[in-house]
Each structure stands twice: as C-alpha cells, then as structure tokens.
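In what follows, a structure is listed as structure tokens, so that the remarks can point back to it.
Number of protein chains: 2
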Amino acid sequence: MPVFLNAADPDFEHQFRAFLTTKREVSPDVDAVARDIIDDVRARGDAALAAYSRRFDQIDFSTTPMRVSMQEIEAAAAEVDPAVIEALQLARDRIRSHHQRQMPEDDFYTDPIGVRLGSRWTAIEAVGLYVPGGTASYPSSVLMNAVPAIVAGVERVVMVVPALKGVVNPLVLAAAHLAGVSEIYRIGGAQAVAALAYGTESIEPVSKIVGPGNAYVAAAKRQVFGVVGIDMIAGPSEVLVMADGENDPDWIAADLLAQAEHDANAQSILITDDAQFGQAVADAVERQLKLLRRADTAASSWRDFGAVILVPEISDARSVDLANRIAAEHLEIACEGAEALSGKIRNAGAIFVGRHTPEVIGDYVGGSNHVLPTARSARFSSGLSVLDFVKRTSLLQLGPGQLRMLGPAAIRIAEAEGLDAHGRSVSIRLNLQD
Amino acid sequence: MPVFLNAADPDFEHQFRAFLTTKREVSPDVDAVARDIIDDVRARGDAALAAYSRRFDQIDFSTTPMRVSMQEIEAAAAEVDPAVIEALQLARDRIRSHHQRQMPEDDFYTDPIGVRLGSRWTAIEAVGLYVPGGTASYPSSVLMNAVPAIVAGVERVVMVVPALKGVVNPLVLAAAHLAGVSEIYRIGGAQAVAALAYGTESIEPVSKIVGPGNAYVAAAKRQVFGVVGIDMIAGPSEVLVMADGENDPDWIAADLLAQAEHDANAQSILITDDAQFGQAVADAVERQLKLLRRADTAASSWRDFGAVILVPEISDARSVDLANRIAAEHLEIACEGAEALSGKIRNAGAIFVGRHTPEVIGDYVGGSNHVLPTARSARFSSGLSVLDFVKRTSLLQLGPGQLRMLGPAAIRIAEAEGLDAHGRSVSIRLNLQD
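Going line by line, the protein sequences match chains A and B.
Heads up, the first sequence is in full-length UniProt numbering, so the first residue is 1 and it goes up one at a time.
Heads up, the second sequence is in full-length UniProt numbering, so the first residue is 1 and it goes up one at a time.
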C-alpha cells in the first residue's frame, strides 16, 4: 500500500518531513572496487579492458573486436522495425530543434571606462557517453545524451556500452547511428569509465563523461571527476502528479505506473484535493498493474514509495509549497488553471502542463531532455542541455589608460591581502614600484 | 630552477607530455575523517559544531556566539582602512555589472505543430559560501562568490568561516557586508560543510555550497554532493603567459610571481618565441623574488613547477595547440596581435589580452570572476558565474491535437523499450489501449 497523507492532519508536517527524507536507494559501497579497476586500466590499458570484459561480459576481444564496426552499426539499424526507426527519427529531430535554441551566445562589450570584456563559449572537444547494458539499455537515452552534445559542436562523441557475449542491443546502435555517433566500444563498468578518462592504446581519452550507470559506474565517475568532467549522478526516477477531481482516474493511474515500472526504487506521488478521486486513482493503479510485463517492479515501487497526498486546494500556496519541497524530477499538472499553477512552481526538473501532456511524451518525443535532476536535486540543478557540452572563457582587455584607472584599487586590495607580487604586477606597469 | 623546454627539440613532445601530467598536489586521503565528522554533525547538530570548534579553533560557543552579529560585521567594516573599502566597493560594483549580463533568459515558444515548450530559470533558494581561515582568507574571494549569487536572486546566502579563537578577519566581514551577506557563522572544516548540507538546530540547511577550502572541506563537499549542489573542487592555481620578445622582462616576471606567491603548488608557465627574452624573464624572477614577503612560497612554486617553453613562433598553430593542451586557468597574451591570437584559444578559464592587462586585474577589479577552472579542467568547465546559482525547469504542454500527432511515436518507442505503462499512459488518452 502506498502512503496516504492528509494535509489537514495535525501531524501532517511531521509525516511529510519523514516522507521527504525517506531514502529510496541504498548505494552499495563499491568505491574500493572501482578504484582498483581504475588503477588497473591506467596501468595496463587495453589488456585490463580485455580481462574485465572476459570476466564480466563473457567477451573475448581476440575474436570479437572491442570497437563496434560501422558495418555492424548499419546492420543493426537495418534490422530494427522501420516504424521504430521512424519514431526515433521524429524524437531525434524534435530533440535537435529544441536543443538548438539552448546554444549560449558570446558576449563582448566595452564598459564605460573603455575596458573590453568578453565571454566566449566553445564546445568540449571530446565527450564519452556511457550507455547501460541489459534492460536499462534505452535508445531514447542515447538520443537524449548524444544529440545535445552534437548540437553543442562536440567533435568526438564516444559511446561505451557493456555487451554480454559481445551483443549490443540493436536499438541502441540504431539510435547512435541516428544521432551521428560512430565511435562505439563494447565495454562497460568502472573499466569503461577509466578508459574514457585516461585513455588506453586503442581509446583516446575524452574530457567529459555523461550517461547513467550502475553503482560501479557511478563510483568510478565520482573518482575520475576532476580529471574529466561528469554529469550529475542519476538517482532513481520520480513523478509528482498534481491532479484535481476532474481527471479520469485511469489516465492518472497510468502516469503513476509509467514511473513505477522503471525501477523498484522509482517514486510516484499524487497530490489531489479530492479524496474520492485519490482513492479512485489508487484503485485504478491496482487494476492496471495486472496488465504490465513489469508488474513486479511497478508494484514494488508503488507499495514502498508511492504516495497520495490530500490537500485542501490543489493550486493554493500550500500545495505549491509542498511541490517545491518535493522538487520532483517530473511534475505533471492536470487541473483547472494548470498553466498558471505551473508558473508558481520553483523546484522541478520538468513540468508537464495540462491533461493532455503525460510525462511519457517528454521521455520520448516532446523535444525537451529526459535526463533530469532526481532525488530533490531540482532545488539546485537542471536537466541535461547544450550547456553541459560547452564551456565559457572570459576575456579581459585593458589599455594603458584603463590600467591607470583600475590599477590603484587592485594594488590596494593586493596589499590588504598580503600579496606583494600581485601588487607589483600592476605597479610595475604604472612605474609605481619601489 | 624551472624547467626549460624547446619545441625544436626532437624529444619535445615526450617532455611536454610528462610536464602536462606532472601532479602538483597530493591530496591526503581524509575521506574517512570527513565522513565521521559529517555523521556526527547529522547526529548531534549544534553540539557537534561546538565540540569541533572548541577542538580545532579554540572557540567556546557558550561565550562567543556561533553567529557573527550584525554589530560585529559593521564594526569590522568600520575598522578597515577606508581606502581599502573604496577599492572593494569598486571591485563589487564592477563584478555586479559584469555578472548582471550573465542572467539567462527564459525561452517559451510554440513549435510548428502547436506544442508549447519552455525553459524557465529560477534562482536557488539558499546557498552556502565557504570562506577559508588563515592566510587564504581573501576579501576578494568573498566578493567573487557572493556577488554572482545575489545577482542571480538567491534569497539566502550563508557564509561560514573558521575563526581561530573566535576572530574573523575584518576584511572578510567587510567584504561580506559590501556584498550584502549578513548570515555568517564562525565555523569551518568538514563540520561547517555538514551543517550547511544537513542543517542543525541553529542553521537552516542550504541547497548548494560554493567556495574553496582545505582537503577536509573538499572531501566533505564531495561527500555531500547530491544532498546539495557543489561548485568545482578547486586545485592549485596556474598562469600561462604567452609573450614575445617585445615585453619588458620585469613585467612578465612580476606576473609569473603573482601566481607563484599563492601557493607552493601554484604553477607559472611562460611560452615565448625569443630565447634571450625567456632567459631575461627567468633572471628577473630571481631578482624580484627577494622583494616578496612570500618569497619562500613563490620560490618553491617557481622552482618545482615553473616552466619556460621556447617555440618557433608565438602565434602559430603549434603554439595555440600547446596553450590549448595546457588549458590554463589564467592565460595572459602579451604579444603583437594578442587579440587575434586570443580568438584561436579554445581551452582557458580566462584570457588577459595585451601588454596592459596583467592577470591581477582579473583577480580584483576587472569585473569578470576569479573563480576559474584549475588543473586543465578548462577543457570541460567554466569559471563561476550567475549560471551556478540558477537552475532551469523545462515545460511542455500539448493539447489533444498534438497528443494525437506525437502519441503514436511515443507508444512505438515505449513498446520497443519494453515499457508497457509508458505506452498505456499515452494510448489511454487516445482511446487506443487494449
């Protein structure tokens, strides 16, 4: 049974706090294992990759090449149902159009005293994209990670994907092909992260690594952070649906289950101001659960982490406050005045506005990115975007006149900070040094 | 003696690679200590803070309050030399003007098929600013961290600073006052990071922590990453100067020393196409070293990590390539055609263009930020900016017509990914479900 909370209960604030701080994921401590694997790949390069792949993925790189050939990529793409290819093309095109709007603009200007200042954006030269193996190997995630990198102007996008017995999911290869990624290696785990960060004989290192992975991958990413950039560490996914009583309970139940089927640690939350409707949704969830191939996963997520929160009024300040405190990765707003309500929300990875915008559209074909901040991190971070694949260089240019105007203040602060050489570097140009 | 490299040497590439990968900092492994302190602060709150502050900073919170009072802040500001206050005001105003240009704009639009898409930026609600104690306690860094947060619209900026025997550097309090920060606690180390991330009885938690610190602070920031956001982990500072023979060797020597005096692990590199000039700069460094209060630090940095690299031509493609591979935090370009050369540089935190723009101007009064990516991380990251204090929410809104157009593709991808509930969440709204 999911938890039922009622904002009118005197004990609600206490219960809600406990709910907010419930840990959904116990990360196993695999730091030491990841560290050993990274050290080994740094020391032995390709030989270490071959050993780990033999052990974990049952591949022999002496017979199956580590790099996936162009022929293999094209063959995989040809094998996928053309209707699926067409759907992925639509997704890619919409992701591309939306992300093209995110390219930041350079800004060069001269200030009132004649100092030239500039901010110039350039793409990261090489980026690694980790794609998980097994059931979490999603072609949609390949598009969501690779397309923004390519829109940003990254010249080299390298994909790594663990391949049990050498087999890579053809949908993943097809998506890579559609995105324009052609450098793909059949490696995974901490060893793949190490290879991307430090390079091996066969793999040139990259400057940043993105994409989700298991606990070993996450630990390895944390450890190589600094040598390369990394994206956020993704936690289990969540959806918050704010819905009034005018919705079809079956629609909302389907949305809650779409989140729950991802992972037993996923979380689906309904906030409603209609108690009967809340119960009807919970009943519909139970009915629909039976229809799913992933019923066990979804049932377990809904039972352990699901919640129905009853509020006096769906769009008042208190409901907004609850939503901001939950800071959901995905927020669906299905009520009268959904657009106005969406304007009041401060903390959410993505908002899906109105009764005809199920979150699933954003997973695939909306155009916006589905890599979003989980576990309340929407309070301080954003979904993946073109900005994650560019960096800014600032530029400053003074002439002798500007240096005379600003120099004395710089010298004064340097002296106060006890940094003589800082002061001298300016004073020597103003003929002021002792 | 610094290292002298000559790009004309047959062995240059090998030597340059070794130079690039020289580790300047051995981070002590203090993870376990930091973890224990964090756990203790989570468990005991203020009592733990009191115990650590007594032990490490010799403060007794029963007599010296943990929070710095407004009166104390104002008294400190009044005590500082008015000329220094005026210089800090100039710095603050210029930082503010420059950073106001960085505010990202919301983007709402309707695409050709009628889907509404939006990207909305909001400020992080509460941010913690770590300020180191001792000699690294710089008022300029307070401004560089606090002003962009306040420009971004962060409502609550909380400063923590370790205070030996209760004393906070008055310059730091004066800078906080000028920046508009009034919530200041006399705490430091991993315990201060824990208090900011998790809160205590006296300190409300924040959503992001920025600012430099020692190894314990860095380890604690890595560990609370995810619970809160963090900025990059700052490494030792570096400058690369590209200078032709037309410069005064004393000017360039002063710039190299301004970097070297920061830290024995700091790095100063000169690239020049004039061997005699390179030698003259090295000689000038030795002469000027004697004049510095921090001569020992600067001498040690220059001896251990300093470098003079001789190239055939200062602004040709090969020199640009070397600069991009060094990816310096600070890059000074002091040669003919400096502006054109700056346009070819891809990897640098900040570029100081021309003979009258010493890097020190950027440390204090240029207006751009002095918190910049160190240790080659300019290949994948940017200096601190307003963007570090805001986050983006994406919005998506479909009507029934758009759902009919995009829904079938979403259903198709969901089916291919084996996610039934994803498919149902769309099909149920299109009356397509089984």
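Note that beta-carbon positions come from the ideal geometry of N, C-alpha and C, so glycine has one too.
Taking DSSP as the reference, what is the three-state secondary structure of residue i?
i, result
"Q267 (chain B)", "strand"
"L117 (chain B)", "strand"
"G128 (chain B)", "strand"
"R294 (chain B)", "coil"
"L171 (chain A)", "helix"
"A123 (chain B)", "strand"
"S301 (chain B)", "helix"
"V84 (chain B)", "helix"
"E329 (chain B)", "coil"
"V160 (chain A)", "strand"
"G229 (chain B)", "strand"
"F19 (chain B)", "helix"
"I314 (chain A)", "coil"
"T110 (chain B)", "strand"
"V68 (chain A)", "coil"
"S62 (chain B)", "coil"
"D434 (chain B)", "Here the model assigns D434 (chain B) a pLDDT of 48, short of 50, so the residue's position is not dependable, and the following value carries that caveat. In this structure, D434 (chain B) counts as coil in the three-state DSSP scheme."
"residue 447 (chain B)", "Outside the shown range of chain B, which is 1 to 434, sits residue 447 (chain B), and nothing can be said about it."
Residues of chain B with CB under 8 Å from residue i, in chain order?
i, result
"V239 (chain A)", "None at all; the shortest Cβ gap to chain B is about 10 Å."
"Q100 (chain A)", "Here the premise fails: no neighbours, minimum Cβ distance about 11 Å."
Could you check the C-alpha separation between residue i and residue j for me, to the nearest Å?
i, j, result
"P2 (chain B)", "I309 (chain B)", "10 Å"
"D274 (chain A)", "G366 (chain B)", "57 Å"
"E415 (chain A)", "S97 (chain A)", "52 Å"
"G418 (chain A)", "G114 (chain A)", "29 Å"
"F389 (chain A)", "P148 (chain A)", "8 Å"
"T393 (chain A)", "L143 (chain B)", "20 Å"
"D231 (chain B)", "P212 (chain A)", "21 Å"
"residue 506 (chain B)", "I326 (chain A)", "This structure leaves residue 506 (chain B) out entirely; chain B is present only between 1 and 434."
"D9 (chain B)", "G199 (chain A)", "26 Å"
"F305 (chain B)", "Q276 (chain B)", "21 Å"
"A51 (chain B)", "V158 (chain B)", "21 Å"
"K391 (chain B)", "R293 (chain B)", "43 Å"
"L49 (chain A)", "S377 (chain A)", "34 Å"
"R355 (chain B)", "G399 (chain A)", "8 Å"
"residue 493 (chain A)", "E105 (chain B)", "Examination of residue 493 (chain A) is not possible in this model, given that chain A is present from 1 through 434 alone."
"G153 (chain B)", "E332 (chain A)", "26 Å"
"Q267 (chain A)", "P236 (chain A)", "8 Å"
"S69 (chain B)", "V80 (chain B)", "17 Å"
"S385 (chain A)", "G166 (chain B)", "44 Å"
"I252 (chain A)", "A76 (chain B)", "58 Å"
Leaving aside the five residues before and after residue i along the sequence, list all residues of the same chain whose C-beta is less than 8 Å from its C-beta, in chain order.
i, result
"N431 (chain A)", "none"
"A18 (chain A)", "none"
Near residue i, what residues of its chain come up, given a Cβ to Cβ distance below 7 Å and the 5 sequence neighbours on each side ignored?
i, result
"E201 (chain A)", "G45 and D46"
"K344 (chain A)", "V320"
"G229 (chain B)", "S207 and K208"
"P205 (chain A)", "L196, A197, Y198 and G199"
Mind listing the chain A neighbours of residue i? Cutoff is C-beta to C-beta under 8 Å, in chain order.
i, result
"Q288 (chain B)", "A421 and R424"
"I178 (chain B)", "The residue asked about is misnamed: residue 178 (chain B) is Leu in this sequence, not Ile. The premise fails here: L178 (chain B) is roughly 12 Å from chain A at the closest Cβ pair, so nothing lies under 8 Å."
What residues from chain B crowd round residue i, counting only those whose CB sits closer than 9 Å?
i, result
"V217 (chain A)", "What V217 (chain A) touches in chain B: nothing, since even the nearest Cβ is about 15 Å away."
Note down, in chain order, each residue of its chain lying with its Cβ closer than 6 Å to the Cβ of residue i, except the 5 sequence neighbours on either side.
i, result
"V426 (chain B)", "G407, A410 and I411"
"P162 (chain B)", "D57, G133 and G188"
"D434 (chain B)", "Low per-residue confidence applies at D434 (chain B): pLDDT is 48, beneath 50, and the placement is therefore not dependable, though the value from the model is reported in the following sentence. Nothing meets the Cβ criterion."
"P358 (chain B)", "D255"
"V227 (chain A)", "A197"
At a cut-off of 7 Å, is residue i close to the ligand SAH when judged by its beta-carbon and the heavy atoms of the ligand?
i, result
"D111 (chain B)", "In terms of ligand content, the structure shown is empty, and the ligand SAH therefore cannot be addressed."
Using the beta-carbon of each residue, which ones in chain B are nearer than 7 Å to residue i?
i, result
"N247 (chain A)", "In chain order: nothing, as chain B lies at least about 11 Å away."
"D363 (chain A)", "H422"
"H356 (chain A)", "L398, G399, P400, L403 and R429"
"D250 (chain A)", "I428"
"L406 (chain A)", "I361 and V365"
Report the neighbours of residue i on chain A: residues whose CB is nearer than 7 Å to its CB, in chain order.
i, result
"I187 (chain B)", "Simply none; closest approach about 21 Å."
"S381 (chain B)", "G229 and K391"
Using the beta-carbon of each residue, which ones in chain A are nearer than 9 Å to residue i?
i, result
"S182 (chain B)", "Those within 9 Å of S182 (chain B) in chain A number zero; the least Cβ separation is about 22 Å."
"P139 (chain B)", "I413, A416 and E417"
Quiz prompt | Secondary structure, alpha helix (DSSP H): runs of 4+ residues fully inside the region 28-58 of chain B | solution = 31-44 and 46-57
Quiz item: What residue ranges within the region 338-392 of chain A form continuous beta strand (DSSP E) runs of no fewer than 3 residues, ordered along the chain?
Solution: 350-353
Quiz item: Using Cβ-Cβ distances below 7 Å, what residues of the region 224-239 of chain A are close to chain C?
Solution: Among the protein chains of the structure shown, namely A and B, there is no chain C.
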